[in-house]
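All letters in the sequence shown, in the order written, are residues 379 to 621 by the numbering used here. Everything on this sheet refers to the single structure shown next.
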Amino acid sequence: MNIVVGFKIVPDDTLVRASGEKLLLDVPLKISTYDKNAIEEGIELKEKFGGKVVGITVGNNDKKSIREALSMGIDEVISVSSRNLDVYGTAMAIVENIKNLNPDIIIFGEQTVDSGTSGVPGYVSELLNLPYISNVKSLKIEGKKVIADRGMVSYVETVESELPLIISVGGEINTPRIPTVRQIMESSKKPVKEVTFELEPKVKVIETKPLVVNRKKIIIEANMNEAVDKLLEKLKEDGVLWK
Ligand SMILES: Cc1cc2nc3c(=O)[nH]c(=O)nc-3n(C[C@H](O)[C@H](O)[C@H](O)COP(=O)(O)OP(=O)(O)OC[C@H]3O[C@@H](n4cnc5c(N)ncnc54)[C@H](O)[C@@H]3O)c2cc1C
379 MNIVVGFKIV PDDTLVRASG EKLLLDVPLK ISTYDKNAIE EGIELKEKFG GKVVGITVGN
439 NDKKSIREAL SMGIDEVISV SSRNLDVYGT AMAIVENIKN LNPDIIIFGE QTVDSGTSGV
499 PGYVSELLNL PYISNVKSLK IEGKKVIADR GMVSYVETVE SELPLIISVG GEINTPRIPT
559 VRQIMESSKK PVKEVTFELE PKVKVIETKP LVVNRKKIII EANMNEAVDK LLEKLKEDGV
619 LWK
């Protein structure tokens, strides 16, 4: 099976801090959280069906993160350098570099922890004219037939499709493996193909700001029943609850 996994290298979101209206992004880089689930799923499919798993990453080419993907079990990484691509450009960079691999399945995370548009997999699906199942929670492949449970928090549906296809996965599908010391050492021998791709972005990022939450700090002084009534009234006034 020809398996391709897209993984994005992002600033470690657990270390990003806000300073007033500015985001302090000068933090170590990491593989975006759900992209580790995408990598794990790709490796599990290879273990089951044989074949090869190629990883592709666009933008940051942090060596430590690429090595981590290879240590987990990816066979080869295509590292695409670029200055500024919008979502369409990112999808184009992926498509241009994987179309000759004839992938049976392309696996993405369902959302990155930085830009988080969930746009990339859909654009790739459109550009390659392949079916796309998003938010996959469990996956079964029998011959060419693909059966997936997919959905968001409040609902899950079972859908069927056929290889070749694209899926996106979240944290529920598996538990990403932690590489052994031997796998980490062997990863340095695996190939990393470095390429560049540029496309003038149609969307320009002007500024990135933290979401600032200003608390109202209202204290309701009353007995419990009265306080609950007043709180509900206040929440309705503010449009948090329906009247
Ligand atoms: C240096 C830099 C410059 C940028 N300039 C612009 C700009 O000018 N205009 C603009 O609109 N945006 C810009 N961006 C944002 C960029 O377009 C997005 O980071 C990118 O399109 C991915 O979008 P997303 O994070 O919303 O991915 P999502 O769609 O949320 O990602 C879903 C899944 O797609 C895959 N994926 C996403 N991104 C990548 C990737 N880079 N490599 C491999 N797989 C991936 C992963 O599996 C991921 O889990 C810039 C980003 C960087 C780092």
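Every residue gets a Cβ at the ideal spot worked out from N, C-alpha and C, and that includes glycine.
How many angstroms separate the CA atom of residue 421 from the CA atom of residue 521?
Residue numbering aside, residue 421 sits at position 43 when the sequence shown is read from its first letter. Residue numbering aside, residue 521 sits at position 143 when the sequence shown is read from its first letter. Near 18 Å, if we compare the C-alpha coordinates of residue 521 and residue 421.
Distance between residue 580 and residue 464 (C-alpha atoms, nearest Å)
Translated into positions along the sequence shown, residue 464 becomes position 86. Translated into positions along the sequence shown, residue 580 becomes position 202. Straight-line Cα distance between these residues: approximately 7 Å.
Within 10 angstroms of the Cβ of residue 451, are there 16 or more other Cβ atoms? Answer buried if so, exposed if not.
On the sequence shown, position 73 is the one that residue 451 refers to. Flag for residue 451 reads buried.
In this structure, how does DSSP classify residue 593 when only helix, strand and coil are distinguished?
Along the sequence shown, read from residue 1 onward, the residue named residue 593 stands at position 215. The answer is coil: DSSP assigns residue 593 none of H, G, I, E or B.
Where do the N-terminal and C-terminal ends of the beta strand (DSSP E) with residue 396 fall, by residue?
As a working note, residue 396 is residue 18 in the sequence shown. 395 to 397 is the span of the beta strand (DSSP E), which, as asked, contains residue 396.
From 485, 567, 577, pick the residue whose C-alpha is nearest to that of residue 415; which is it?
Counting from one through the sequence shown, the residue named residue 415 turns up at place 37. The candidate whose alpha carbon is nearest that of residue 415 is 485.
Alpha carbon to alpha carbon, how far is residue 475 from residue 554?
Along the sequence shown, read from residue 1 onward, the residue named residue 475 stands at position 97. Along the sequence shown, read from residue 1 onward, the residue named residue 554 stands at position 176. If I take the Cα positions, the gap works out to 25 Å.
Out of 473, 549, 533, state which residue places its alpha-carbon closest to the alpha-carbon of residue 487.
One-based indexing of the sequence shown puts residue 487 at position 109. With distances taken between Cα atoms, residue 487 lies closest to 549.
Under three-state DSSP, which class holds residue 576?
The count along the sequence shown starts at 1 and reaches residue 576 at position 198. DSSP places residue 576 in coil when its eight states are reduced to three.
Hey, does residue 601 have any beta-carbon neighbour from chain B nearer than 8 Å?
Of the protein chains in the structure, only one exists, and it is not chain B.
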